[in-house]
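One structure below.
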Amino acid sequence: MDETTLDRHRCRYPRCGRPFAVVYRRSFYDIPVPHAVACPHCGGRDVVLAATGAVREHDGTYVLPIGYRFATLEA
18 MDETTLDRHR CRYPRCGRPF AVVYRRSFYD IPVPHAVACP HCGGRDVVLA ATGAVREHDG
78 TYVLPIGYRF ATLEA
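Here you go:
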């Protein structure tokens with residue numbers, strides 16, 4: 018069974034700034050690898066660092082929106 022981990026980020030575009038989560042397969046590597054992601058709210062593109070070995074397309078890194086209600090509960 019694959020294990021996944023989740024990192025919270027915020028969109029860096031000044032007009033958006035909303036939170037989202039990057040979900041990826043956990044790895045034994047200590048060195049973060051850059052992953053290109055897009056904000057699920059505004060579509061703004063960014064690069065996030067994730068310590069994962071999921072570098073092939075079928076391994077996948079997923080970006081999920083975090084709603085206002087969830088962001089305030091977890092903060």
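The opening residue of the sequence shown carries number 18 in the numbering used here; numbering runs sequentially from there. Glycine included, every Cβ here is placed at the ideal spot set by N, Cα and C. Values in this document were obtained by computation on a predicted structure and should not be read as measured data.
- Identify, in the order they occur along the chain, each residue of the same chain with its Cβ nearer than 7 Å to the Cβ of leucine 81, setting aside the five sequence neighbours on each side. Phe37, Ala38, Val40, Pro57
- For my contact list, alanine 53 and arginine 62 are in at a C-beta cut-off of 8 Å; report their separation, rounded to the angstrom. 7 Å
- Message: Helix, strand or coil for proline 57? Go by DSSP, reduced to three states.
- Response: coil
- Would you mind working out which of Thr22, Ala55, Leu66 sits nearest tyrosine 30, comparing C-alpha positions? Ala55
- Taking the alpha-carbon positions, what's the leucine 66 to arginine 32 distance? 23 Å
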